[in-house]
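In the numbering used here, the protein residues as written are 3 to 82.
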């Protein structure tokens, strides 16, 4: 499994701010659902992983809002 930095590079994500955003999304998924995150990292093609992780993060956020009316108890997202 390639490093996260290598995965971001393979996906063509080069800007530091965008790399930080995709990293934040991936960490959010890893904290909430480690098994699907690890399966994604091991089974998906590296150029797709950041985009799929962002999709999972969005899915988790929508699920939290639908179930509770608010985001999960994780740290607040930093505004950009």
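Glycine residues also receive a C-beta, built at the ideal position from the N, C-alpha and C atoms. Only a predicted model underlies this, so the values are computations on that prediction, with no experimental measurement involved.
Through-space distance from residue j to residue i, alpha-carbon basis
i          : j          : result
residue 82 : residue 22 : With a pLDDT of 41 at residue 82, under the threshold of 50, the predicted position of this residue should be treated as unreliable, and no value is reported.
residue 67 : residue 60 : 11 angstroms
residue 51 : residue 13 : 8 angstroms
residue 18 : residue 3  : 22 angstroms
Cβ neighbour criterion (16 or more within 10 Å) applied to residue i
i          : result
residue 9  : buried
residue 84 : Since the displayed the chain opens at 3 and closes at 82, residue 84 lies outside it and no answer follows.
residue 45 : exposed
residue 65 : exposed
residue 39 : buried
residue 47 : exposed
Endpoints, alpha helix (DSSP H) assigned at residue i
i          : result
residue 68 : 51-70
Practice task
Scan the region 3-38 and note each continuous alpha helix (DSSP H) run of 4 residues or more that stays entirely inside, going in chain order.
Solution key: Listed in chain order, the complete alpha helix (DSSP H) runs (minimum 4 residues) inside the region 3-38 are 6-12 and 18-34.
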